[in-house]
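Numbering (UniProt numbering), first residue to last: 23 to 222. Glycine included, each C-beta is placed from N, C-alpha and C at the ideal position.
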Ligand code: GLN
């Protein structure tokens, strides 16, 4: 079984731990450098990207995480975690930094006030078995991607607002990111995909 860490500084850690366990991984909360050194993959949960950014420095995990990503550590970021994996952020707080790794620009809190939280069903490349339930909570969307980035899902059409067609799931090598939270739907297929990436 691969050992997959869940960054446990802030955010919905427990839900990711159980989705990973359900997907055939051993899930371990990560708060210390030694724990980060030991895992085969890492999940960056949703929460508040500015807070997680600050805590990563305080807990002396940031530089190590950047280094491990550079060495090919598989990482899956959901929502705030997607923001942390982005090379660039629009509408971040003024001193907000990311860990980076995926050649993309994300727009933080991108969905408008009326729909800042919503659920929908998405077709996602790499996920078999039909549409995936997806919960968006003050979520970012992906504004643009570099050539190395694979687009896995977009907001379905049929919405008459600026959200229709926006990119909400991407992959670049061993890095996976979704705007939405699959860990709270009871459908573990995104976590299964990540476990497969870790095993590769
Ligand atoms: N809006 C949050 C941020 O900017 C993300 C919200 C979430 O992770 N559910 O970090």
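Here the distance from the Cβ of residue 116 to the nearest heavy atom of the ligand GLN is not below 8 Å. For residue 191, the uninterrupted beta strand (DSSP E) run begins and ends at 189-194, by DSSP.
In the pairwise beta carbon analysis, the stretch 206-213 is classified as touching the stretch 41-51: at least three pairs are separated by under 8 Å. Judged by their CB atoms, residue 131 and residue 160 are nearer to each other than the 9 Å cut-off.
Rounded to whole angstroms, the gap between the alpha carbons of residue 106 and residue 121 is 5 Å. Taking a C-beta distance under 9 Å as the contact criterion, residue 128 and residue 67 do not qualify as a contact pair.
The count of Cβ pairs closer than 8 Å, one atom from the stretch 187-201 and one from the stretch 163-176, reaches three, so the stretches are in contact. About 17 Å separates the beta carbon of residue 134 from that of residue 179, a gap too long to meet the 8 Å contact definition. In the same chain as residue 73, and ignoring 5 residues on each side of it, the C-beta atoms closer than 6 Å to its own belong to 32, in chain order. Excluding five sequence positions before and after residue 99, the CB atoms of its chain that fall closer than 6 Å to its own CB belong to 66, 106, 107 and 199, given in chain order. Residue 109: member of the beta strand (DSSP E) spanning 108-112, first to last residue.
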